[in-house]
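Scroll down for the structure; my scribbles are underneath it.
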Amino acid sequence: MKRRDFLASSLAATGAAIGGALDPFARIAAAADDFADVKITRVVGFDLLTRRDKLVGRNSRLDVHGDRSMDRMLRISTSSGVEALGPCRAGEEQVAQLLGRPALSFFARDERRMNSPLGRRSTALWDLAGRLLEKPVYELLGGAGGERVPVYDGSIYFMDLLPQRADNWRDQLRREIDAARADGHRAVKVKIGRGKRWMERAAGDARDIEVVQLIRAHAGQDFAIGVDANNGYDLAGARRFLSAAGPLKIAFVEEMFPETVEDCLAMKAFIAEQGWQTKVADGESQRAPEAFRLFVEAAALDVLQGDMKHFGFELILAEAALAAEKPGILVAPHNWGSLLGYYMQLHVGRAIDNFYMAEHDPLKTDVLRADGYTRRDGYATVPDRPGLGLAIDEAKFADDVKINFDLRA
74 MKRRDFLASS LAATGAAIGG ALDPFARIAA AADDFADVKI TRVVGFDLLT RRDKLVGRNS
134 RLDVHGDRSM DRMLRISTSS GVEALGPCRA GEEQVAQLLG RPALSFFARD ERRMNSPLGR
194 RSTALWDLAG RLLEKPVYEL LGGAGGERVP VYDGSIYFMD LLPQRADNWR DQLRREIDAA
254 RADGHRAVKV KIGRGKRWME RAAGDARDIE VVQLIRAHAG QDFAIGVDAN NGYDLAGARR
314 FLSAAGPLKI AFVEEMFPET VEDCLAMKAF IAEQGWQTKV ADGESQRAPE AFRLFVEAAA
374 LDVLQGDMKH FGFELILAEA ALAAEKPGIL VAPHNWGSLL GYYMQLHVGR AIDNFYMAEH
434 DPLKTDVLRA DGYTRRDGYA TVPDRPGLGL AIDEAKFADD VKINFDLRA
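According to the numbering used here, the stretch in the sequence shown is residues 74 to 482, in order.
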């Protein structure tokens, strides 16, 4: 396929203005009837390459993460000319089942679900529904969140262990904090756990503490700091770390050790004994919301962190509903290595009222335009535009993406 031959039609939703009923979901139902004849005519799978402005180092488990990433994507065309896009790792056989189907036939508005062959990989269908119905995805998901979404920079890794930074890592760390602030952030998540794999235990633990101390001294008291060990400690080690770092006002501790209800409760009790406000967060490796049930029932976690792209919108909503069973438990989807996962989180933040913070991996692409998405003073805004509110630069799409398949009805 010649990528330049793939020309998009208007990304703005078309159709008659929707009015009448006061209930927004009643209006959505009425609008859905107006699009009964709109069919999915084409689906194109492609790889969206993204880049960072810095080289991201190791964490406690994995080697250098680099300055590149990739979202596997789906682009949907319809008989009305309306198009949509979203991350999707579903196979070609699954995707082919969309062809010829009414564009809104998968959308179960009352359940806030997409009952599609793509399962949880249905983000592009949410974008399509929003574009056709002229509603942002966050409104289709519930629209119960605030107008601004708290956000943090999640890219502070082990830059001190990069050979090229060995002699100046402290200056580089300060530059990365300054860059995060300039990018609109007032919070960062800092990787710790050097002593698990990369350094001798005592030296690694000491370096973890030094890094957090340096950030607090440089960024000031009005800057939030969370830490993520990627299970690089055990419970005793986590207590040792917090004994030194806790007075520095740590906002949250994430994956300090492999999560069990007992150890998480012990961690929370230790934090409470010190009078700190630090939240205990975990769960990015869980595969389904029900995996959190025992933690919620015991109030063993303050923040649930199912992975945004793995869970998709429906399972994150189910996680949020489970969290709501215990007052005070919040949701903060894990997101790393995905630009689209960042935008998805922001729609979740606008959709639910128990959202904590969105994780920003500072990835960029010239292929997508994200007009109306902003970050300022630690908060992100989401445009009041149909669907995800993203648009494709056709020239960049033609030049920069890798097409995996192109299927037509």
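Glycine is no exception: its CB is placed at the ideal position from the N, C-alpha and C atoms.
Between the C-alpha atoms of Gly305 and Ala275, what's the straight-line distance to the nearest angstrom?
13 Å
In the DSSP assignment, the alpha helix (DSSP H) including Phe470 goes from what residue to what residue?
Glu467 to Asp473
What is the DSSP secondary structure of Lys382, counted as helix, strand or coil?
In this structure, Lys382 counts as helix in the three-state DSSP scheme.
Under three-state DSSP, which class holds Leu463?
Three-state result, Leu463: coil.
Mind checking which residues open and close the alpha helix (DSSP H) that includes Leu205?
Thr196 to Leu206
In the DSSP output, which residue or residues are listed as bridge partners for Gly299?
Lys262 and Phe325
Top-ranked residue by Cα proximity to Arg141, from Pro406, Lys469 and Asp120:
Of the residues Pro406, Lys469 and Asp120, the one whose Cα lies closest to the Cα of Arg141 is Asp120.
Could you tell me the alpha carbon to alpha carbon distance between Ala94 and Gly192, rounded to whole angstroms?
Low per-residue confidence applies at Ala94: pLDDT is 37, beneath 50, and the placement is therefore not dependable, though the value from the model is reported in the following sentence. Distance between the alpha carbons of Ala94 and Gly192 is about 31 Å.
On the DSSP bridge list, what partners appear for Ile476?
Phe119
Between the Cα of Arg395 and the Cα atoms of Gly379, Glu328, Leu205 and Gly410, which residue gives the shortest distance?
Checking the sequence, you will find Leu at residue 395 rather than Arg. Comparing Cα-Cα distances from Leu395 to each of Gly379, Glu328, Leu205 and Gly410, the minimum goes to Gly379.
Alpha carbon to alpha carbon, what distance is there between Pro236 and Tyr211?
Computed Cα separation, rounded: 43 Å.
When DSSP labels each residue in this structure, what does Lys341 get in the three-state scheme?
For Lys341, the secondary structure class from DSSP, reduced to helix, strand or coil, is helix.
Our contact map puts Phe365 next to Cys337 with C-beta atoms below 8 Å; I'd like the distance itself, whole angstroms only.
With a Cβ gap of about 11 Å, Phe365 and Cys337 do not count as contacting.
According to the Cβ coordinates, are Val404 and Ala371 closer than 9 Å?
With contacts defined by Cβ atoms closer than 9 Å, Val404 and Ala371 do not form a contacting pair.
DSSP state of Ile250, grouped into three classes?
helix
Selected residue, minimal CA-CA separation from Asp183, among Glu346, Glu387, Asn132 and Arg313
Glu387
Could you round the C-beta distance between Ser150 and Val111 to whole angstroms and report it? I think they count as a contact, below 8 Å.
Beta-carbon to beta-carbon, Ser150 and Val111 are separated by about 11 Å, too far to satisfy the 8 Å threshold.
Among residues of its own chain, excluding the 5 on either side of Arg66, which ones have a beta-carbon nearer than 7 Å to its beta-carbon?
Since the first residue of the chain shown is 74 and the last is 482, residue 66 is not available in this structure.
With burial defined as no fewer than 16 other Cβ atoms inside 10 Å of the residue's Cβ, what is the status of Asp281: buried or exposed?
Flag for Asp281 reads buried.
Would you mind sorting Pro400 into buried or exposed? The rule is 16 or more other CB atoms within 10 Å of its CB.
With fewer than 16 other Cβ atoms within 10 Å, it is exposed.
Answer yes or no: do Pro456 and Tyr446 have a C-beta to C-beta separation smaller than 9 Å?
In this structure, Pro456 lies near Tyr446, with their beta-carbon atoms less than 9 Å apart.
Which of the three DSSP states is assigned to Ala94 in this structure?
Bear in mind that the predicted position of Ala94 carries a pLDDT of just 37, short of 50, making it unreliable; the figure below should be weighed with that in mind. Coil, per DSSP.
Unbroken beta strand (DSSP E) run spanning Ala354, endpoints
Lys352 to Asp355
Contact under 9 Å by Cβ, Trp349 with Gly227
In this structure, Gly227 does not lie closer than 9 Å to Trp349 by Cβ.
Quick one: what does DSSP say Met272 is sitting in, helix, strand or coil?
coil
Starting from Glu432, follow the beta strand (DSSP E) in both directions and report where the run begins and ends.
First-last of the beta strand (DSSP E) with Glu432: Ala431 to His433.
Got a sec? Which residues, its chain only, sit under 8 Å from Val263 by beta carbon, not counting five neighbours each side?
Ile229, Val284, Val285, Ile288, Ile298, Gly299, Val300 and Asp301
Pairing CB atoms from the segment 247–254 with CB atoms from the segment 458–476, are three or more of them under 8 Å?
no
To the nearest angstrom, how far is the alpha carbon of Asp257 from that of Ala345?
For the record, residue 257 in the displayed sequence is Gly; it is not Asp. About 31 Å.
How would you label Ser316, buried or exposed, when you count the other beta carbons within 10 angstroms and need 16 or more for buried?
exposed
What are the residues that DSSP puts in a beta bridge with His407?
According to DSSP, which records beta bridges pairwise, His407 is partnered with Asp380.
Can you tell which of Asp439, Arg145, Ala443 and Asp444 has the C-alpha that lies nearest to the C-alpha of Asp473?
Asp439
Identify which residue in Ala431, Asp444, Ile425 and Ala157 has its Cα closest to the Cα of Gly215.
Ile425
My assumption, with CB atoms under 8 Å, is that Cys161 sits in contact with Ala202. Please give the rounded CB distance.
Taking a contact as a CB-CB distance under 8 Å, the pair Cys161 and Ala202 does not count as one, their CB atoms being some 15 Å apart.
Would you report the Cα separation of Ala354 and Tyr415, rounded to the nearest angstrom?
Rounded to the nearest angstrom, the two C-alpha atoms are 18 Å apart.
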